[in-house]
Amino acid sequence: MKDFALMMIGAALVNNVILARFLGLCSFMGVTTRIDTAAGMGLATTFVITVSSMADWAVQHYLLDAYGLGYLRTVTFILVIASAVQFTELTIKKVSPALFQMLGIYLPLITTNCAVLGVALLLVEGHMSFLGATLFGFASALGYSLVMVIFAGLRERLALAEVPRLFAGPPLGFIVASLLAMAFMGFSGISTG
Amino acid sequence: MSPDLHTVEGIARVVDIQGATAWLEPEQTSSCGSCASASSCGAGARDANPAGGIGTVANRIAARRFALDNAGGLHVGERVVVGVAERALIRAALTAYGLPLATALTAGGIAESTWGSDLATMAAMAGGLGFGLLLARLVARRLSVRGELAPHFLRRAKPGETCGGSTT
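Chains as they are written, first to last, in the numbering used here: chain A, -13 to 179; chain B, 10 to 177.
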């Protein structure tokens, strides 16, 4: 239990997907103009990363490893992720059309989110158990969502601040992102090993 | 603080009027489809093929068509600003994604501590995910009955107004 907790803290904070591994930067800059959209995107990505982690672990162990097809890993995982997004989209549509109308806009964006593929490849390298791999994916996605919401909150405040015209918009966003990344470096002092 | 103070806004176009009900389609809100390669991918296919095809944004938008009470006397082709409460968006996301994940992880944790086998954990998580989705369906139905998931008409869009969405 303690191992799982430390692994999850490491995945969410110390090796944060966005600020330490620099994955998912498109959505990090593109969907963080408002807290609510960032939270919606974060939760949708959390769901997809967790579900695809489960599927990727099973595919890796029972198909790729079993038949010596490791060289097809990246292509296979892309297919699994696209299928996971389609599964999520169809399921939400079936479970509640009203929820789909409200949240469906985020799902197509996740298919091309490199954070999802990055997490899948990382969990294979980690040689984890099924639960460990799923929790690793879940924690990585929680770290992604946390940073998205924090950054969206900062950008909402920045939108109201008076800044030199040259820095307004994305330039200031990048400066703030770098400061946030430096702040997250403080977590690297936590021993999770 | 009034809930209306935190509204997520979006622009939709009236595509049909049926009696007292107006049918609307949301305008594309992501930057996808606006890049230099838009003409060669599905995202930009709406102008070339307004009817849309499988996998195109036009098709996705048509699938997200919703109804509004036409109290404002809307006409086909008009662009209007619609909104949902910010809290409702978060609640909907937690219902659709958070609830199934919570049940799946709980079931997986219990199975791992009971049997300690990957196959048993996998089966338990799949079952937990299914149970969570059923639970989400019940909660969503309750939210829907209370009208929390339905967008409401705010105003007619100004000419050239884009769907950036803003907190009012």
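Just so it is clear, CB atoms sit at the ideal spot from N, CA and C, and this is done for glycine as well.
Quantities reported herein were computed from a predicted structural model and do not represent experimental measurements.
Along the chain, where does the alpha helix (DSSP H) that runs through A/Ile78 open and close?
-> 59 to 81
For A/Leu78, decide whether its Cβ has a neighbour in chain B, counting only Cβ atoms nearer than 7 angstroms.
-> In the sequence under discussion, the amino acid at residue 78 of chain A is Ile, which differs from the Leu named in the question. Output row for A/Ile78: interface = yes.
Does the segment -13 to 4 of chain A come close enough to the segment 109 to 127 of chain A that 3 or more CB-CB pairs lie under 8 angstroms?
-> yes
By Cβ distance, which residues of its chain are closer than 6 angstroms to B/Val93, with the 5 residues on each side in sequence left out?
-> Val17, Pro160
Using the beta-carbon of each residue, which ones in chain B are nearer than 7 angstroms to A/Ser115?
-> Asp127
List the whole-angstrom C-beta distance separating B/Ile99 from A/Ala145, where the pair is believed to meet the contact cut-off of C-beta under 8 angstroms.
-> The Cβ separation is near 20 angstroms, so there is no contact.
Under 7 angstroms between C-beta atoms, does B/Gly117 make it to chain A?
-> yes
Just the C-alpha distance for A/Lys(-12) and A/Gly118, rounded to the nearest angstrom, thanks.
-> 12 angstroms
In terms of residues, what are the limits of the beta strand (DSSP E) holding B/Ala21?
-> 16 to 27
C-alpha distance - B/Gly136 paired with B/Leu143, whole-angstrom precision = 11 angstroms
Along the beta strand (DSSP E) that carries B/Pro92, what are the first and last residues, could you check?
-> According to the sequence provided, residue 92 of chain B is Gly. The question's Pro does not apply to it. It spans 88 to 94 - the beta strand (DSSP E) in which B/Gly92 sits, taken as one unbroken run.
Assign B/Asp78 to one of three DSSP states: helix, strand, or coil.
-> strand
Identified DSSP bridge partners for B/Glu34 | B/Arg22
Would you report the Cα separation of B/Val154 and A/Thr23, rounded to the nearest angstrom?
-> 24 angstroms
The alpha helix (DSSP H) spanning A/Arg180 covers which residue range?
-> This structure cannot settle anything about residue 180 of chain A, because the visible part of chain A is limited to -13 through 179.
Where does B/His161 fall in DSSP's three states?
-> strand
Three-state secondary structure (DSSP) of A/Met(-13) = coil
Work out the CA separation of A/Ala147 and A/Pro94 for me, nearest whole Å.
-> 33 angstroms
Is A/Arg20 buried or exposed, if buried means 16 or more other CB atoms sit within 10 Å of its CB?
-> buried
Hey, is the segment 59 to 66 of chain A in contact with the segment 95 to 112 of chain A, meaning 3+ C-beta pairs nearer than 8 angstroms?
-> yes
Between the segment 36 to 54 of chain A and chain B, which residues of the former have CB atoms less than 7 angstroms from a CB of the latter, in chain order?
-> Thr36, Met40, Ala44
Whether A/Gly10 touches A/Ala101 by CB criterion (7 angstroms) = yes
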